[in-house]
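Take a look at the structure set out below.
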Amino acid sequence: MLNDQIAGLGLDVEVEKVAADEVEDVLAERVEAGDTPDIVRTLRPREVETKELSMEWDFVDEAKAAATDDGSLIAAPYDAAMTATYVNSEAFARAGVDVPPSGHPWRTWEHLIADAERVKDANGMANAFAISNDPQTLAAFFGSYDNSLMGKNPLHVSFDGNTAVKSLKNLKGWVESGVLNADVFPKYVEPDPDATPTPSPSASPSATPKPFEPATATALQLFEQGKVPVVIVPARTPAPSNSVRVDNPCQEVCGGLPQFSYLAALTSDGVASKVIEALTSVDADSARVQATGGLPVHPELIPQDVQDEEGLLGEYARLSVQQMSSGLSPITAGLTDWPGEQIAKLLADEATELEAASQMREVLTKSVKAYE
Numbered sequence: 000m001l002n003d004q005i006a007g008l009g010l011d012v013e014v015e016k017v018a019a020d021e022v023e024d025v026l027a028e029r030v031e032a033g034d035t036p037d038i039v040r041t042l043r044p045r046e047v048e049t050k051e052l053s054m055e056w057d058f059v060d061e062a063k064a065a066a067t068d069d070g071s072l073i074a075a076p077y078d079a080a081m082t083a084t085y086v087n088s089e090a091f092a093r094a095g096v097d098v099p100p101s102g103h104p105w106r107t108w109e110h111l112i113a114d115a116e117r118v119k120d121a122n123g124m125a126n127a128f129a130i131s132n133d134p135q136t137l138a139a140f141f142g143s144y145d146n147s148l149m150g151k152n153p154l155h156v157s158f159d160g161n162t163a164v165k166s167l168k169n170l171k172g173w174v175e176s177g178v179l180n181a182d183v184f185p186k187y188v189e190p191d192p193d194a195t196p197t198p199s200p201s202a203s204p205s206a207t208p209k210p211f212e213p214a215t216a217t218a219l220q221l222f223e224q225g226k227v228p229v230v231i232v233p234a235r236t237p238a239p240s241n242s243v244r245v246d247n248p249c250q251e252v253c254g255g256l257p258q259f260s261y262l263a264a265l266t267s268d269g270v271a272s273k274v275i276e277a278l279t280s281v282d283a284d285s286a287r288v289q290a291t292g293g294l295p296v297h298p299e300l301i302p303q304d305v306q307d308e309e310g311l312l313g314e315y316a317r318l319s320v321q322q323m324s325s326g327l328s329p330i331t332a333g334l335t336d337w338p339g340e341q342i343a344k345l346l347a348d349e350a351t352e353l354e355a356a357s358q359m360r361e362v363l364t365k366s367v368k369a370y371e
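With numbering that gives the first Met the number 0, letter number 270 in the sequence shown gets 269, and the count goes up by one each step, no holes.
Right under this line is the structure:
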């Protein structure tokens with residue numbers, strides 16, 4: 000399909016498939032050997048980083064290509080995905096709880112969590128589910144948890160005003176009742192009054208994003224150890240052992256924030272840029288969606304008139320369009336100062352939901368302004 004989409008360029012694209020957790024090592028080896036690929040697919044277009052290669056990109060607006068000043072290097076959004084949900088199908092079977100087949104997800108997150116609680120109790124597990132403590136996954140989950148949590152301002156989504164307070168109240172309630180495993184969240188530590196405060200890196204658009212892999216790894220470890228029957232992680236996380244990936248509730252039209260992957264040119268002869276432009280056009284995006292059933296990158300391709308008996312899915316679809324066109328996804332993914340300490344304070348009763356939400360919004364606002 001790729002070569003069909005670039006037929007007019009008179010080129011052939013050779014695709015090298017690499018496991019998600021091996022991309023950086025393989026790319027580093029290729030660069031060191033003087034065999035740098037022309038194009039790389041990445042989740043972080045602002046920064047393609049390996050042991051041998053470090054490149055920083057300007058902010059990439061949704062559904063648009065972004066080039067360096069001389070126009071030779073380019074990055075553009077290629078496809079989109081939401082959070083990924085994995086279940087322990089054996090534990091579900093022992094509890095007598097059915098796992099919906101592909102294409103027929105749980106109607107709501109409440110239904111999924113209720114079933115997970117039944118599985119937890121039947122198998123003597125510690126908690127019903129775990130979730131990756133990164134801004135993308137938490138915002139996506141809370142953004143789609145129920146219709147009242149959908150933020151009306153696409154630049155703030157689930158961290159906008161009362162929406163954030165309600166989200167954090169749910170989070171704390173689940174932890175206290177044993178539904179949500181708290182091990183992925185940082186523990187509260189009393190501040191050192193003699194410590195010298197350091198400036199937040201969030202205000203700088205050139206700051207290197209903090210990796211959130213440890214939080215995701217902890218959530219996956221809890222799942223693999225049999226402590227939870229359900230885990231929610233970033234969409235492109237490799238599947239944990241003993242797992243079955245299931246559809247998120249109404250994932251085709253909601254799920255909060257889409258997670259984008261990008262095609263980024265690593266060579267400067269201009270050919271790679273032309274290939275990327277062809278592969279990320281509206282026509283190419285439409286063809287990919289039709290062929291794979293995936294989510295579109297260009298907002299105009301998202302269905303606008305989704306209907307259901309309660310009228311909720313249409314609202315989800317419209318809000319998803321706003322979120323995908325707002326630029327929030329790469330902003331959130333590139334946060335350099337995720338306020339995990341505020342969640343720690345909340346769980347330790349050192350901060351209220353309102354105080355924690357205020358701090359989270361402040362950090363997100365700084366990130367938004369840094370990339371405007």
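Quick reminder that beta carbons are idealized off the backbone N, C-alpha and C, glycines included. Source: prediction; values computed, not measured.
Check: residue i C-beta below 8 Å from any heavy atom of the ligand GDP
| i | result |
| --- | --- |
| G172 | The model on display carries no ligand, and the ligand GDP is accordingly not part of it. |
Separation of residue j from residue i, as counted between CA atoms
| i | j | result |
| --- | --- | --- |
| A271 | L26 | 16 Å |
| T84 | T41 | 21 Å |
| L170 | D133 | 14 Å |
| A286 | D78 | 12 Å |
| P239 | T136 | 17 Å |
| T35 | S176 | 51 Å |
| H110 | D348 | 29 Å |
| L262 | D37 | 10 Å |
| A113 | G33 | 54 Å |
| T351 | A115 | 28 Å |
| V14 | V39 | 10 Å |
| F140 | A125 | 21 Å |
| G225 | T266 | 45 Å |
| S101 | D11 | 34 Å |
| V296 | E361 | 28 Å |
| S280 | N87 | 39 Å |
| E21 | A92 | 33 Å |
| V274 | D284 | 14 Å |
| T82 | D282 | 26 Å |
| L221 | E31 | 37 Å |
| K119 | E89 | 12 Å |
| Q358 | P76 | 30 Å |
| R117 | A94 | 7 Å |
| D268 | S260 | 23 Å |
| A194 | G172 | 33 Å |
| L219 | H103 | 24 Å |
| V181 | P190 | The sequence given here places Ala at residue 181; Val does not occur at that position. If I take the Cα positions, the gap works out to 21 Å. |
| A264 | G123 | 50 Å |
9 Å Cβ cutoff met for residue i and residue j
| i | j | result |
| --- | --- | --- |
| W105 | V245 | yes |
| L167 | A127 | no |
| T379 | A129 | Outside the shown range of the chain (0 to 371) lies residue 379, about which nothing can therefore be said. |
| A121 | V96 | yes |
| L223 | N241 | Residue identity differs from the one stated: residue 223 is Glu in this sequence, not Leu. Closer than 9 Å, so yes. |
| V174 | L353 | no |
| Y187 | A356 | no |
| E28 | P185 | no |
| S131 | V164 | no |
| A277 | L72 | no |
| V243 | V98 | yes |
| P233 | T215 | yes |
In DSSP terms, what residue i is bridged to
| i | result |
| --- | --- |
| I231 | T84 and I130 |
| D78 | S260 |
| L179 | F128 |
| R244 | Y85 |
| I342 | I342 pairs with nothing; no bridge assigned. |
Neighbour flag for residue i against chain B, beta carbons, 9 Å
| i | result |
| --- | --- |
| D34 | Absent from the structure is chain B; it holds one protein chain and no more. |
Handout entry: Given 8 Å, three or more beta-carbon pairs between the region 226-243 and the region 0-10
Key = no
Exercise for the section: Pick out the complete alpha helix (DSSP H) segments inside the region 103-130, 4 residues or longer, and give them in chain order. Expected result: 108-122
Handout entry: Continuous beta strand (DSSP E) assignments of at least 3 residues falling wholly in the region 1-47
Key = As for any beta strand (DSSP E) of minimum length 3 sitting wholly inside the region 1-47, the runs are 38-41, ordered along the chain.
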